[in-house]
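K.L.:
All residue numbers for the sequence shown refer to UniProt numbering, where the first residue is 1 and numbers rise by one.
From the three backbone atoms N, C-alpha and C, an ideal C-beta is built for every residue, glycine too.
Values in this document were obtained by computation on a predicted structure and should not be read as measured data.
First the structure, then my questions, so here it is.
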Amino acid sequence: MSFGDPNNPYGQQQPPQPPQGQPGYGYPQQAPQGIPPQGQPGYGYPQQPGQPPYGAMPPAPGTLQANNGYINVAGLGTVEVATMGRRFGARLIDGLVIGVLYSILSAIGVASAFGASKSIKDCTGMDYASSAYQSCVNEQAQAAGGVIATFFGVILVFFVATLLYEWLMIAFVGATVGKLALGLKVVKENTGQVPGVGGGFIRWIIPMVGAFLCGIGQLLVYLSPFFDNSGKLQGWHDRAAGTIVVKK
């Protein structure tokens, strides 16, 4: 008959102890202090910014984050929607760039027109029935046609330059000089990529069509983000091109 441990006055047997360094059967293994178990967030470990809560599904592309000005864009994650103030500032900078270009082209056009006008001969005092008078009148008509051609040529070059500036920079860079200066970018809402040739052209042509209505239509297009009740500040040209303006 065993009386147990002599140091144990009550004669109760002690439970067997597992070997040190190895978890015994029925004894849960303890995680090292300060390191949370895998798969579970430990207390005091902050969640990474921009990550959905633990166990929550990530928001779908195009989903606004609690109407706080942030939106989830495929390929970019959570980004901030560009405010109208920044977009207006970018448009002002672009206006200055285009204004400088227009001034240069206008100066070239005026110089060309002035040179053409100097070649117009004075036919006064000539005999109207003479061949010299008829020749002088023909030269006047040609010179005047040169002045008119120069005027419309400047307009055409300015139109093409504006087209290439706004269209191609948005298409391949996603931003004009003004948008680059203020940290804005135009991206496709469903991919997060730059708009490309097609998207950039659609986004450019819609305000230009509105410009034919004495500029009122163009102004309405640029103000149309204020009418967007989705919170994404998409203008009519953005909706048509499937784009959105965000902060980089």
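Suppose you measure from the CA of I206 to the CA of V137; what does that come to, to the nearest Å?
P.N.:
Their Cα atoms are separated by approximately 45 Å.
K.L.:
Roughly how many angstroms separate the alpha carbons of W236 and A211, rounded to a whole number?
P.N.:
Each residue's Cα considered, the two are about 14 Å apart.
K.L.:
Around the Cβ of Q48, are there at least 16 other Cβ atoms within 10 angstroms (buried) or fewer (exposed)?
P.N.:
Any reading at Q48 must be qualified, since the residue scores a pLDDT of 49, below 50, and its modelled position is unreliable; the value itself is stated next. Q48 comes out exposed.
K.L.:
What is the C-beta distance between T176 and A241, in whole angstroms, given that I count them as a contact (C-beta under 8 Å)?
P.N.:
The pair is not a contact, with the Cβ atoms about 15 Å apart (cut-off 8 Å).
K.L.:
Given this structure, state the Cα-to-Cα distance separating residue 251 from L101, to the nearest angstrom.
P.N.:
The shown model of the chain, from 1 to 248, leaves out residue 251, and the question about it has no answer.
K.L.:
Taking only runs that begin and end inside the stretch 200-248, name each unbroken alpha helix (DSSP H) of 4 or more residues, in chain order.
P.N.:
Qualifying alpha helix (DSSP H) stretches, in chain order: 216-223 and 236-241.
K.L.:
Can you grab the Cα-Cα spacing for the pair T83 / G153, in whole Å?
P.N.:
When rounded, the distance between both Cα atoms is 38 Å.
K.L.:
Can you tell me where the alpha helix (DSSP H) holding L180 begins and where it ends?
P.N.:
Segment V177 to A181, the alpha helix (DSSP H) holding L180.
K.L.:
Residue range of the beta strand (DSSP E) that G77 falls in?
P.N.:
G77 to E80 is the extent of the beta strand (DSSP E) around G77.
K.L.:
Between L184 and V246, is the Cβ-Cβ spacing less than 9 Å?
P.N.:
Taking 9 Å as the Cβ cut-off, L184 and V246 qualify as a contacting pair.
K.L.:
From N190 to D228, what distance separates their C-alpha atoms?
P.N.:
Approximately 18 Å, taken between the alpha carbons.
K.L.:
Could you tell me if V71 is buried or exposed, where buried requires 16 or more neighbouring beta carbons within 10 angstroms of its beta carbon?
P.N.:
Here residue 71 turns out to be Ile, not Val, going by the sequence shown. The residue in question, I71, is buried, as its Cβ has 16 or more Cβ neighbours within 10 Å.
K.L.:
Alpha carbon to alpha carbon, how far is V147 from E139? Give it in angstroms, no decimals.
P.N.:
Roughly 13 Å between the two C-alpha positions.
K.L.:
Considering only the alpha carbon of each residue, which of Y222, I244, V221 and V209 lies closest to G231?
P.N.:
Cα-wise, what sits closest to G231 is I244.
K.L.:
For N138, write down the residues that DSSP places opposite it in a beta bridge.
P.N.:
Answer by DSSP bridge pairing: none, since N138 is not bridged.
K.L.:
Tell me the DSSP secondary structure of V73 in three-state form.
P.N.:
It is a strand residue.
K.L.:
Return the CA-CA distance between R239 and A107, expressed in angstroms with no decimal places.
P.N.:
The alpha-carbon atoms of R239 and A107 are separated by roughly 38 Å.
K.L.:
Given a cut-off of 9 Å, decide if I170 and G200 are closer than it, judged by their beta-carbon atoms.
P.N.:
A contact, by the Cβ cut-off of 9 Å.
K.L.:
Can you tell me whether V186 is buried or exposed, with buried defined as 16 or more other CB within 10 angstroms of its CB?
P.N.:
Classification of V186: buried, given that the 10 Å Cβ count is 16 or more.
K.L.:
Just how far apart, CA to CA, sit G42 and R87?
P.N.:
Because G42 sits at a pLDDT of 49, beneath the cut-off of 50, its placement in the model cannot be relied upon, and the point is left open.
K.L.:
According to DSSP, is V194 part of a helix, a strand, or is it coil?
P.N.:
DSSP places V194 in coil when its eight states are reduced to three.
K.L.:
Since G174 and V194 should fall inside the 8 Å C-beta cutoff, what is the C-beta to C-beta distance between them, to a whole number of angstroms?
P.N.:
About 4 Å separates the two Cβ atoms, so the contact holds.
K.L.:
List the endpoints of the continuous beta strand (DSSP E) containing V186.
P.N.:
Element bounds for V186: L184 to K188.
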